Amino acid sequence: VIDISKLYALTGKFTYDPGFTSTASCASTITYIDGDEGILRYRGYPIQDVAEGGDFIECCYLLLYGELPSKKQKTDFETRVTRHTMVHEQMMRFFTGFRRDAHPMSVMVASVGAMAAFYHDSTDITDPMAREIASIRMIAKVPTLAAMAYKYHIGQPFIYPQNDLDYASNFLRMCFAVPCEDYKVNPVFARAMDRIFTLHADHEQNASTSTVRLAGSSGANPFACIAAGIACLWGPAHGGANEAALKMLEEIGTADRIPEFVARAKDKNDSFRLMGFGHRVYKNYDPRAKIMQQTSKEVLAEIGHADDPLLQVAIELEKVALHDEYFIERKLYPNIDFYSGITLRAMGFPTSMFTVLFSVARTVGWIAQWKEMIEDPEQRIGRPRQLYKGAAERTYTPLAKR
Ligand code: ACO
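Quick note: the sequence shown uses the UniProt record's numbering, first residue 28, plus one each step.
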């Protein structure tokens, strides 16, 4: 790593790096990725251990505070989160202003941003206690807003949180329960949801996290910063990829059509790409994809679809691509999105909710990164430069003479 932070001050020169492929925008102690080896660690702990050994609440504590919690610390933290799962009753009116057919991600951007207008006491970012309460509120309330976005979309009444349930079960209940019927959370689905949240919780300086940091670097309201992150996550090259991956698998439909799609992905005159393949940082198998594949098998077995045709197409497509020169040369492997769409669909979520679920999970990562930035004595407002390629100075002609 070369520190060029003083380059401009000393030489009057700066570097040109579109897409920031070779630029570290900050120093961080939260998440470590070795893309060549396919390693992901939260605060030093391998993702496999965090996802399989603990639960999402433990993962949130680890990301926020840097250490695994003791039993008491975990219980206290869970209680604090649970106490904040309700949203202001006025938020309901806010929701009903949206068209029913609005994409739930647009509703998320707006409703999370709107929290800035409801929780004034947690927006003084210079006060550590205010930062703490804003963090807890966000982890607690974003799932409630996400479930409300879903319920509003399908025209069902909102379901209030039930705080004796764990985080994932509470979320599933808010999404799938209806007032007139008994609803029991399926424990296999709850475990899968919890693992999906953990796998997506943080991923160092990806586009949406960098957006949150950049927005936060100006001292902006934390709820507004997270709303900015959600907006960025929406794109198909980022959080929208699992939706796109599932659509692609559905379009392929059967294993015999795989060669046709692989050929299209390799054709430079065709804009088609294998969705759920390739990653800016991983040049090896995404470690989250392995856990995700296992989770999808568990969920499909639970609903009696162990031989789900889309899962079979995905497994076969992975095999074909991993033996194809084009993908080998470019180090293109399945990423987490390749299997997550199949799993979420099997759990009953429509594709329009996939990126919303990602935003629920990533909220803790965004907050941990935002807090780290605010508390960093070296933090300054983010202000990239540009390589100007426009016209040199020109003489202005008044409108009357043009
Ligand atoms: N299918 C076919 N070819 C691909 C794919 C793909 N999925 N991904 C990259 N390539 C090719 C490119 O065409 C390029 O080929 P070339 O060198 O012959 O021109 C080469 O691999 C490098 O690709 P870049 O676009 O330069 O790689 P970059 O790091 O910028 O892109 C990205 C990473 C956006 C993830 C890309 O691999 C992609 O579009 N994948 C599909 C979308 C996807 O799955 N996104 C999810 C990312 S993970 C997440 O957000 C949680």
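Heads up, the beta-carbon is just placed ideally off N, CA and C, and yes, glycines get one too.
Computed from a prediction, not measured in an experiment: that's the story for all the values here.
Per DSSP, Ile160 has no beta bridge partner at all. Residue range Thr58 to Asp61 is occupied by the beta strand (DSSP E) that includes Ile60. Contact between Ser138 and Lys398 does not hold, since their C-beta atoms are separated by about 22 Å, which reaches or exceeds 8 Å.
Look at Ile363: its beta carbon is less than 7 Å from one of the heavy atoms in the ligand ACO. Gly392 sits buried, since 16 or more C-beta atoms from the chains shown fall within 10 Å of its C-beta.
Cβ neighbours of Phe224 within its own chain (closer than 6 Å, five residues either side excluded): Phe83 and Ala388.
Taking C-alpha positions only, Tyr210 is separated from Asp351 by approximately 46 Å. If only uninterrupted beta strand (DSSP E) runs of at least 3 residues are considered, none is enclosed by the region 283 to 350.
If you check the CB distance, Leu89 and Arg107 do not come in under 8 Å. Here the C-alpha atom of Asp313 lies approximately 49 Å from the C-alpha atom of Glu420. Val169 is not a Cβ neighbour of Ala258, given a cutoff of 8 Å.
The C-alpha of Pro411 is placed about 12 Å away from the C-alpha of Tyr35. When secondary structure is reduced to three states using DSSP, Pro214 falls in the helix class. Setting aside the 5 residues that flank it on each side, Glu270 is surrounded in the same chain by Pro263, Gly368, Thr378, Ser379, Phe381 and Thr382, each with a C-beta closer than 8 Å to its C-beta; the list follows chain order.
DSSP places Pro73 within a strand segment (E or B) once states are collapsed to three. At least one heavy atom of the ligand ACO falls within 7 Å of the beta-carbon of His265.
When the Cα atoms are used, Ser298 and Arg407 turn out to be separated by approximately 39 Å.
The C-beta distance from Leu338 to Leu349 rounds to 17 Å, too long to fall under 8 Å, and the pair is not in contact. Under DSSP, Arg68 shares a beta bridge with Tyr59 and Pro73. Relative to the non-hydrogen atoms of the ligand ACO, the Cβ of Ala247 never comes closer than 7 Å to any of them. In the displayed model, Pro155 falls within a helix according to three-state DSSP. Boundaries of the alpha helix (DSSP H) around Arg240: Ala234 to Gly243.
Leaving aside the five residues that flank Ile66 on each side, the residues in its chain whose CB is nearer than 8 Å to its CB run, in chain order, Tyr59, Ile60, Pro73 and Pro314. Taken from the Cβ of Met302, at least one heavy atom of the ligand ACO lies inside 7 Å. Within the model, the alpha-carbon separation for Pro286 versus Ala316 is close to 22 Å.
The closest heavy atom of the ligand ACO lies less than 7 Å from the beta carbon of Leu359. In the structure shown, Pro131 falls within a helical segment according to DSSP collapsed to helix, strand and coil. For Pro425, the three-state secondary structure derived from DSSP is coil.
Your pair Phe288 and Pro361 does not check out as a contact, with CB atoms roughly 14 Å apart and the cut at 8 Å.
Of the residues assessed, Tyr194 falls on the buried side of the cut-off, its CB having 16 or more other CB atoms within 10 angstroms. Taking C-beta separations shorter than 7 Å and ignoring five residues to either side along the sequence, the partners of Val114 in its chain run Lys168, Thr171 and Leu172, following chain order. Look at Pro361 here: in three-state DSSP terms it is strand. In this structure, Ala255 lies near Thr238, with their beta-carbon atoms less than 8 Å apart.
For Leu273, same chain residues with a beta-carbon under 7 Å away, outside a window of 5 residues either side, are Gly368, Ile369, Arg372 and Thr378 in chain order. Cβ contact annotation for His111 (same chain, cutoff 7 Å, sequence separation greater than five): Ile163, Arg164, Ala167 and Lys168, in chain order. Burial check for Phe47: the Cβ neighbour count within 10 Å stays below 16, so the residue is exposed.
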